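Working notes, structure below.
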Amino acid sequence: MKITGNYMGDVIEEVAPLVKEISGLKTNLEKSVIKIRWFNEKSNYASYNPFEDVFKFNKNLFLNEEGLKLIVGHELMHNAQYKSKEKLLIKQIKYFLKSDELEEINPLNALTEGDATLIEKNLQEKFFKGAKRTLFKRRLPFTNSFANSSEVPYTDKFRSPNYVKWANILKNEFGGDRDKINSLYEKDYNQLKEIFGEKK
Ligand SMILES: [Zn+2]
802 MKITGNYMGD VIEEVAPLVK EISGLKTNLE KSVIKIRWFN EKSNYASYNP FEDVFKFNKN
862 LFLNEEGLKL IVGHELMHNA QYKSKEKLLI KQIKYFLKSD ELEEINPLNA LTEGDATLIE
922 KNLQEKFFKG AKRTLFKRRL PFTNSFANSS EVPYTDKFRS PNYVKWANIL KNEFGGDRDK
982 INSLYEKDYN QLKEIFGEKK
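Residue numbers (our numbering): 802 to 1001.
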C-alpha cells in the first residue's frame, strides 16, 4: 500500500472508533493534521504531537496493513489522551519546566506511552492478529524499494523496551480495568512515580 495523507486519513477514521471502544477515551480529530515525510528509510516512525495536533508518519512504514493500523491506533490513543484529559498537556508543560530530565523518567511519559502501547497490544489481540513487520536485506539502488523482504509477526521486539515495561505495569497492576487506568490521568506526577518508578 502507498502511504499518502488520504490513505492515512481513511485508516485513522477506521481505527479511531476501535481505540475508543477499547480505551474508553474519545479522540477528537476535528483539527488534526496528517503529515507524511521521509524520516528514515528503515523506520516505522509515527508520532502524534499534542501541542500542534499533528500526526506524522514515515513515507514507508514497513508494516502490512494490519501492522499499520496498530501504529495508527497507538498514535490515536495519544490524541484521545490529550483531547479527553484536558489537564494532561498543562501537566506535561509544568513537568518539563521543573524537571531535571536527565535525572529520571518522566512519569507522565510512562503513563501516556505505556497506555498507548497497552491499547496498541489490545487492538492487536482483538482486531489485528495478522499485524506484520517487513524485514528486508538490502535496498535496491536509486529506489525506495527493497530486495529480499520478508514479513514477520509484529511483536514486542519491535517496540521500545520502556514502552513495553510501562504497558506491562498497567496491565499487571490494574488487570486491564479501564476505569482505573483512565483515572491515572488525573493523578499528579508524584503519584505516578510510585506506579512507574523503578521498583527496588
Ligand atoms: Zn507513543
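For every residue, glycine included, the Cβ atom is placed at its ideal position computed from N, Cα and C.
All of these numbers come straight from a predicted model, not from anything done at the bench.
Any non-hydrogen atom of ligand 1 closer than 7 Å to residue i Cβ
i, result
"Ala917", "yes"
"Glu853", "no"
"Glu914", "yes"
Cβ-Cβ separation, residue j to residue i (assumed contact under 8 Å), whole Å
i, j, result
"Val965", "Thr918", "6 Å"
"Pro851", "Leu898", "Actually they are not in contact, since the Cβ atoms of Pro851 and Leu898 sit about 16 Å apart, beyond 8 Å."
"Ile823", "Lys922", "Not really, about 10 Å apart at Cβ, beyond 8 Å."
"Trp967", "Phe997", "6 Å"
"Leu871", "Leu830", "Incorrect: roughly 18 Å between the Cβ atoms, too far for contact."
"Lys981", "Glu952", "About 36 Å; that fails the 8 Å criterion."
"Leu993", "Asp916", "Incorrect: roughly 11 Å between the Cβ atoms, too far for contact."
Residues near residue i in its chain [Cβ-Cβ closer than 8 Å; skip 5 each side]
i, result
"Met809", "Ile835, Ile837, Phe856, Phe858 and Val873"
"Asn963", "Ile906, Ala911 and Glu914"
"Met802", "Tyr808, Glu866 and Leu869"
"Lys832", "Asp854"
"Glu995", "none"
Own chain partners of residue i with C-beta closer than 7 Å, once the 5 adjacent residues on each side are dropped
i, result
"Gln893", "Leu909"
"Val820", "Thr828, Gly874, Leu877, Met878, Ala881 and Ile920"
"Lys886", "Tyr986"
"Leu869", "Val812 and Leu862"
"Ser950", "Thr935, Leu936 and Phe937"
"Ile804", "Ile837, Phe858, Lys860, Asn861 and Leu862"
"Phe959", "Arg934"
Cutoff 6 Å; reference residue i; Cβ partners in own chain excluding five residues on either side
i, result
"Arg979", "Gly825"
"Asn1046", "A query on residue 1046 cannot be resolved here, the shown segment of the chain reaching from 802 to 1001 and no further."
"Tyr849", "Phe856, Glu876, His879 and Asn880"
"Trp839", "Lys860"
"Gly931", "Glu867"
"Asn847", "Note that residue 847 is Ala in the sequence shown, not Asn. The residues are Phe858, Ile872 and Glu876."
Chain D within 8 Å of residue i, Cβ atoms only
i, result
"Leu912", "Among the chains of the structure shown, chain D does not appear; only one protein chain is present."
What are the start and end residues of each continuous alpha helix (DSSP H) run of 4 or more residues lying completely inside the stretch 805 to 844, in chain order? Listed in chain order, they are 806 to 824.
Could you name each continuous alpha helix (DSSP H) segment of 4 residues or more that falls completely within the stretch 944 to 994, going from the start of the chain to the end? Segments of the alpha helix (DSSP H) lying fully in the stretch 944 to 994: 962 to 975 and 979 to 984.
Which runs of the beta strand (DSSP E) fall wholly inside the stretch 846 to 876 and span at least 3 residues, in chain order? Here the runs fully enclosed are 847 to 850 and 855 to 859.
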